[in-house]
Amino acid sequence: MALNGRDVISLTTDKLSADAVSESVTCASCGAISLFIGTTRDHFEGKKVVRLEYEAYVPMAELELRKICSDIRTKWQSVRHINIQHRLGVVPVTEASVIIGISSPHRSDSLEAVKFCIDTLKATVPIWKKEIYESGEPRWKENKECLWADGGKDPKC
Amino acid sequence: MALNGRDVISLTTDKLSADAVSESVTCASCGAISLFIGTTRDHFEGKKVVRLEYEAYVPMAELELRKICSDIRTKWQSVRHINIQHRLGVVPVTEASVIIGISSPHRSDSLEAVKFCIDTLKATVPIWKKEIYESGEPRWKENKECLWADGGKDPKC
Amino acid sequence: MNGFVDAQVSVLYFAKSAELTGLKSELITVSSNVTSVQLWQHLEEKHPRLAVLRDQVVLAVRQEYVPLSEQPLTLREGDEVAVIPPLSGG
Amino acid sequence: MNGFVDAQVSVLYFAKSAELTGLKSELITVSSNVTSVQLWQHLEEKHPRLAVLRDQVVLAVRQEYVPLSEQPLTLREGDEVAVIPPLSGG
Chain X
1 MALNGRDVIS LTTDKLSADA VSESVTCASC GAISLFIGTT RDHFEGKKVV
51 RLEYEAYVPM AELELRKICS DIRTKWQSVR HINIQHRLGV VPVTEASVII
101 GISSPHRSDS LEAVKFCIDT LKATVPIWKK EIYESGEPRW KENKECLWAD
151 GGKDPKC
Chain S
1001 MALNGRDVIS LTTDKLSADA VSESVTCASC GAISLFIGTT RDHFEGKKVV
1051 RLEYEAYVPM AELELRKICS DIRTKWQSVR HINIQHRLGV VPVTEASVII
1101 GISSPHRSDS LEAVKFCIDT LKATVPIWKK EIYESGEPRW KENKECLWAD
1151 GGKDPKC
Chain B
2001 MNGFVDAQVS VLYFAKSAEL TGLKSELITV SSNVTSVQLW QHLEEKHPRL
2051 AVLRDQVVLA VRQEYVPLSE QPLTLREGDE VAVIPPLSGG
Chain D
3001 MNGFVDAQVS VLYFAKSAEL TGLKSELITV SSNVTSVQLW QHLEEKHPRL
3051 AVLRDQVVLA VRQEYVPLSE QPLTLREGDE VAVIPPLSGG
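Residue numbers (my numbering), protein chains in the order written: chain X, 1 to 157; chain S, 1001 to 1157; chain B, 2001 to 2090; chain D, 3001 to 3090.
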């Protein structure tokens, strides 16, 4: 881990705040903070989504998030602070389900690291989302990044 | 411009807020918001920076920022909302000088568009930063992205 | 006797697997030498509705992912095994 | 007479150029057919300290960038010309 680098990971039922994440990764020697905010959408295949519910295998999710932090620090050694917040429980539409904040002296590192972080999170962190629609059966979603989801399987295999 | 896409541009002496930018680009049909926050550093070549001062050729800066928005919408047609805030006047160290927020249905578009936006802003928008040090002469900075700065010139030309 | 002892382990169910079994967790006793495929078959026998997940599930043993395979799991008494349907975090 | 009229234009100075001239803006009168290099030379004659910027400056005419070149600027009465030192926004 970089000198004084801080990894903050949080799985919470509270509303997420971009300012709180941004402040927690701010550092006096960094010029760049990159943030990614995943928000919940209001429609899926023409059905109106009324809310989302997230659940996690909490201790393992934290473990996998720590692995992502460690991988980021191997790939982008100038990264300073990392904060990954994922919301659990009921999330109203348009509210943030995930916020990732990463600081670095130069912007390309934090921008690339944020992209890697959200891509990897979707593939490896045991968290699940259920969409509840105005009408029709609720549905557990599947990330295409997840290797054992239908969408993640190589059709040629 | 995409259906209902909103370009918000602001040059302001007020403190910038990541939450305000994030909220202004939130949309019910977008899953992704990418933010870039440029912060002011506390050191330059071993000298302690006490504050920064930004000035802009305001109407032309707004014009150039609008051109960037228009270029983003040509390159990433799924981009929904764009908000670019740049602070002017005195900016204390570690506070944000620029915040860019872009929303899109899929995250790769907003992530790439944010990177393009900050890269292009540094190269083309008439804004200048002066660093004031604890000791020694203040210094006007030069972005290496600016084609007519010393750092922007091809050394072989 | 194959030289392997039985181990009581807790099985955690998440997302769709929790809905299909109606359980968040349960204790089961299996051979410590069971493979992940055999363990899955055992869970399917107890909870036939899990069959719909067969081609898109992995297990986590002691919080590490384990695909369904013929590798022995070398379970220890008290281990935690989780049923991991396709992820949808983010 | 070259067929071109004189035009009074306002020149805006920013950042280091404002410090070097001690001015934020001034009105000057030049031939409407002046090139950007000639205009810059005119400004340097008025404000010799601007010379340090010569190799790293562009102009903006009617809020569009114009590099120093032999192209005529076709200035019109009341046009806004700006001296643009290297940018450092962001």
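For glycine and all other residues, C-beta sits at the position ideal for the given N, C-alpha and C.
Query: Chain D contacts made by the region 1103–1129 of chain S, where a contact means CB separation under 8 Å; Result: Ile1118, Leu1121, Lys1122, Ala1123, Thr1124, Val1125, Pro1126, Ile1127, Trp1128 and Lys1129
Query: Which of helix, strand or coil DSSP assigns to X/Thr74; Result: helix
Query: Beta-carbon proximity check, B/Glu2080 vs B/Ser2010, cutoff 8 Å; Result: yes
Query: CA nearest to the CA of X/Trp128, picked from B/Asp2006, B/Ala2015 and B/Ala2051; Result: B/Ala2015
Query: Proximal residues of chain B, C-beta to C-beta of X/Asp150 below 7 Å; Result: Gln2056
Query: Distance between beta carbons of B/Ile2084 and B/Ala2060, contact taken as under 8 Å; Result: 5 Å
Query: The region 1016–1035 of chain S / the region 1050–1061 of chain S touching (three or more Cβ pairs under 8 Å); Result: no
Query: Span separating the alpha-carbon of D/Leu3075 from that of D/Glu3026; Result: 16 Å
Query: Residue burial classification, X/Cys157 (beta-carbon count within 10 angstroms, cutoff 16); Result: Low confidence applies to X/Cys157: its pLDDT is 34, below 50, so where it sits in the model is not reliable enough to give any reading.
Query: Proximal residues, the region 131–142 of chain X versus chain B, C-beta separation under 8 Å; Result: Trp140, Lys141 and Glu142
Query: Secondary structure of S/Ala1056, DSSP reduced to three states; Result: strand
Query: Proximity below 8 Å, CB of X/Ile84 to CB of X/Ile37; Result: no
Query: Backbone secondary structure at D/Glu3044 - three-state DSSP; Result: helix
Query: Listed by chain order, chain X residues near S/Gly1005 by CB distance under 7 Å; Result: Chain X residues near S/Gly1005: none, gap ~16 Å exceeds 7 Å.
Query: Candidates X/Lys122, X/Arg6 and X/Val98: closest to X/Lys15 by CA position; Result: X/Val98
Query: Residue from X/Gly89, X/Ala113, X/Glu45 and X/Pro92 whose Cα sits closest to the Cα of X/Arg73; Result: X/Ala113
Query: Cut-off 8 Å between Cβ atoms - residues of its own chain near S/Arg1107, not counting five sequence neighbours on either side; Result: Gly1031, Ala1032 and Ser1034
Query: Supposed close pair S/Thr1013, S/Gly1101 - CB separation, criterion 8 Å; Result: At roughly 20 Å, the Cβ-Cβ gap does not stay under 8 Å, so S/Thr1013 and S/Gly1101 are not in contact.
Query: X/Asp109 classed as buried or exposed, judged by whether at least 16 other C-beta atoms fall within 10 angstroms; Result: buried
Query: Against chain D: residues of the region 1047–1064 of chain S by CB proximity under 9 Å; Result: Tyr1054, Glu1055, Ala1056, Tyr1057, Pro1059, Met1060, Ala1061, Leu1063 and Glu1064
Query: Segment limits, beta strand (DSSP E) that includes X/Val79; Result: Looking at the DSSP string, X/Val79 is not in any beta strand (DSSP E), and its letter there is neither H nor E.
Query: Chain S within 8 Å of D/Pro3048, Cβ atoms only; Result: no
Query: Assigned secondary structure, D/Leu3020 (DSSP; H/G/I helix, E/B strand, else coil); Result: helix
Query: Contact belief for B/Ala2007 with B/Val2037 at Cβ below 8 Å, rounded distance in angstroms; Result: Not really, about 17 Å apart at Cβ, beyond 8 Å.
Query: Minimum Cβ-Cβ distance from S/Gly1089 to chain D less than 8 Å; Result: no
Query: Boundaries (first-last residue) of the alpha helix (DSSP H) holding S/Val1025; Result: Ala1018 to Val1025
Query: X/Arg66 beta carbon less than 8 Å from that of X/Asp7; Result: yes
Query: Chain-ordered neighbours of X/His81 on chain B, where CB pairs are closer than 7 Å; Result: Chain B residues near X/His81: none, gap ~20 Å exceeds 7 Å.
Query: Secondary structure, alpha helix (DSSP H): runs of 4+ residues fully inside the region 1082–1126 of chain S; Result: 1107–1124
Query: X/Val91 burial status per 10 Å Cβ neighbour count (16 or more: buried); Result: buried
Query: Sequence-distant residues of the same chain with beta carbon closer than 7 Å to S/Cys1027, five excluded per side; Result: Arg1080, His1081 and Ser1103
Query: Spatially closest choice to X/Ser135 from X/Thr39, X/Lys48 and X/Asp42, by CA coordinates; Result: X/Lys48
Query: Residue environment, S/Ala1123, which counts as buried when at least 16 other CB atoms sit within 10 Å; Result: buried
Query: CB contact flag (S/Trp1076, D/Ser3088, <8 Å); Result: no
Query: Interface flag, B/Ile2028 vs chain X, CB-CB below 8 Å; Result: no
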